[in-house]
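S.K.: Residue numbers (the numbering used here): 419 to 558. Every residue, glycine too, gets a C-beta built ideally from N, C-alpha and C. Fair warning: this is a prediction, and the values are worked out from it, not measured in the lab.
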């Protein structure tokens, strides 16, 4: 599983999977904090559809952390003021870079979490469509 997909799942997932994974690594390995969770701003890049050109939409507040496990540095970046989540993401990223055996068992849990997230989004979308006005039936 690619890093971007894995990170998106861990950020969107609400049951604390990132914390669970990070705690499993902290218990078994020496984790060094390279950069403590800190706030910063990053520019949001968007693509304008008509001309297919890139432009900067604005800035967003992010929290960034860096952790080291077995000489492998992991980075965790998340939008908003979420210090713990950024630190957990950095630990998980470092664990994948260090190819720790625990990471092999995480794949199935990540796939299941992704399925739940997609299911929740579909249910939310269905609720929104229930409130949608059909203007064709409004003609008298």
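In terms of alpha-carbon separation, which member of 552, 521, 503 and 547 lies closest to residue 430?
M.R.: 503
S.K.: Does the distance from the CB of residue 440 to the CB of residue 510 come in under 8 angstroms?
M.R.: yes
S.K.: Given this structure, state the Cα-to-Cα distance separating residue 458 from residue 436, to the nearest angstrom.
M.R.: Looking at the backbone, the Cα of residue 458 and that of residue 436 are separated by about 22 angstroms.
S.K.: Quick one, which of 451, 490 and 423 has its alpha-carbon nearest residue 517's?
M.R.: 490
S.K.: Compare the C-alpha of residue 423 against each of 554, 548, 533 and 452 and name the closest.
M.R.: 533
S.K.: If I measure Cβ to Cβ from residue 477 and keep anything under 8 angstroms in the same chain, skipping five residues before and after, which residues do I get?
M.R.: Apart from the 5 residues on each side of it in sequence, residue 477 sits with its Cβ closer than 8 angstroms to the Cβ of 459, 460, 461 and 462 in its chain, given in chain order.
S.K.: Quick check: the Cα distance between residue 495 and residue 452, rounded to an integer number of angstroms?
M.R.: 14 angstroms
S.K.: Report buried or exposed for residue 499, applying the criterion of at least 16 other Cβ atoms within 10 angstroms of its Cβ.
M.R.: exposed
S.K.: Between the C-alpha atoms of residue 486 and residue 521, what's the straight-line distance to the nearest angstrom?
M.R.: Their Cα atoms are separated by approximately 16 angstroms.
S.K.: Only counting the same chain, and skipping five residues up and downstream in sequence, which positions put a Cβ closer than 7 angstroms to that of residue 527?
M.R.: So the qualifying residues of the chain are 435.
S.K.: Let's see if you can read the secondary structure: which residues bound the beta strand (DSSP E) around residue 432?
M.R.: Premise fails: residue 432 is in no beta strand (DSSP E) and is neither H nor E.
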